[in-house]
Amino acid sequence: MRKKIVAGNWKMNLDYNEGLALFSEIINMVKDEATGTQEAVICSPFIHIHSLVQLAKGYNKVAVGAQNAHQEEKGAYTGEISAKMIKSTGAAYVILGHSERRQYFGETNALLAKKTDTALKNDLRPIFCIGETLQEREANTHFDVIKTQLVEGIFHLDADQFAKLVIAYEPVWAIGTGVTATSAQAQEIHEFIRKEIAAKYGQEVADATTILYGGSCNPTNAAELFAQPDIDGGLIGGASLKSRDFTDIVKTFN
Ligand code: PEP
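The opening residue of the sequence shown carries number 16 in my numbering; numbering runs sequentially from there.
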């Protein structure tokens, strides 16, 4: 049975103390809710990660991740953070390819392929984001866009490496907009992604791959989204900044 994950993406929010306070609240609220194959993950700014890992000790259904990592192992890249550094804090995950990084920092599929390799080499599990813009959907090119993101970003991996990935389908038009994909729209793309994985790596790998939905997911719409056969949880932006909302989304699986 594949892992069910609700991952929060705090983005560039919360100072150090605010982050620790929110995470403590979240742990207290989700510790009895995440059960079985479920996991709750918080991807915080870099400054919080080490302390959050300490707070999460003893809670094996709660994990911590970063929101980005550099593609090189180390070197003269002032201001950057390497996958090895992130791993050394005890973090387990790293978001790669978020649409905000693609849009504002020019991250291409080719760059993301390198970032994925470096993250995996350093034993971090990438939460690899893909998704189309509104223009791409309106032009009916969304399936092509997603296939290209898969092929150029992660389909160079071998099956063992691929098995360590979590994929997040995040339609760009739904991120932070309050507009959610309908459960049918999301399921259609998740099914497509799983079929592409099956064609490349075989059905067993495809069936074991956790595919999250992201884009204005909240406690009201999570249940219907997560009830879809190919949706294995969510990547949650805005609602992960409120402990009650995030916990209610985690509880959706129960
Ligand atoms: C995100 O940033 O990954 C995201 C899904 O944001 P939101 O939930 O706020 O739409």
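Note that the Cβ used here is the ideal one computed from N, Cα and C, for glycine as well.
Report yes or no: do the segment 133-146 and the segment 99-109 share at least 3 C-beta pairs separated by less than 8 angstroms?
Taking a cut-off of 8 angstroms on C-beta distances, the segment 133-146 touches the segment 99-109, as three or more cross pairs fall below it.
Taking only heavy atoms of the ligand PEP into account, decide whether any of them is closer than 7 angstroms to the Cβ of K19.
Outside the cutoff, so no.
Which residues DSSP lists as bridging E54, in chain order:
I20.
Taking the straight line between their C-alpha atoms, what separation do you get for G193 and Q150?
Approximately 18 angstroms between the Cα atoms of the pair.
Per DSSP, which residues does V77 bridge with? Please list them.
Per DSSP, A55.
Leaving out the 5 sequence neighbours to the left and right, which residues in its chain are closer than 6 angstroms to K266 when beta-carbon positions are compared?
E48.
Check this for me: beta carbons of G255 and N24, under 8 angstroms apart or not?
Gly is not the amino acid found at residue 255; the sequence shown has Ser there. S255 places its beta carbon less than 8 angstroms from that of N24.
Which word fits R117, buried or exposed, when buried means at least 16 other C-beta atoms lie within 10 angstroms of its C-beta?
By the neighbour-count rule (16 or more Cβ atoms within 10 Å), R117 is buried.
Between T197 and A189, is the Cβ-Cβ spacing less than 8 angstroms?
Their beta carbons are not under 8 angstroms apart, which means T197 does not touch A189 by this criterion.
Would you mind reading off the limits of the alpha helix (DSSP H) that contains A98?
Counting along the chain, the alpha helix (DSSP H) containing A98 begins and ends at A98 to S103.
Alpha carbon to alpha carbon, what distance is there between T148 and Y92?
For Y92 and T148, the distance between alpha carbons rounds to 30 angstroms.
Would you report the Cα separation of E54 and N155, rounded to the nearest angstrom?
When rounded, the distance between both Cα atoms is 34 angstroms.
I believe A84 touches A36 by the beta-carbon criterion, under 8 angstroms. Please report the beta-carbon distance rounded to the nearest angstrom.
Taking C-beta atoms under 8 angstroms as the contact rule, A84 and A36 fail to qualify, at a distance of about 26 angstroms.
Closest to N233 by C-alpha separation, out of L227, A221, Y216 and G252, would be which residue?
Residue nearest to N233 within the set L227, A221, Y216 and G252 is G252 (criterion: CA-CA distance).
Y216 versus A174: straight-line alpha-carbon distance, rounded
Cα-Cα distance, rounded: 6 angstroms.
What's the gap between the Cα of E120 and the Cα of T163?
Strictly speaking, residue 120 in this sequence is Phe, with Glu absent from that position. Rounded to the nearest angstrom, the two C-alpha atoms are 19 angstroms apart.
For my contact list, R303 and T224 are in at a C-beta cut-off of 8 angstroms; report their separation, rounded to the angstrom.
With the chain running from 16 to 269 in the structure shown, residue 303 is simply not present.
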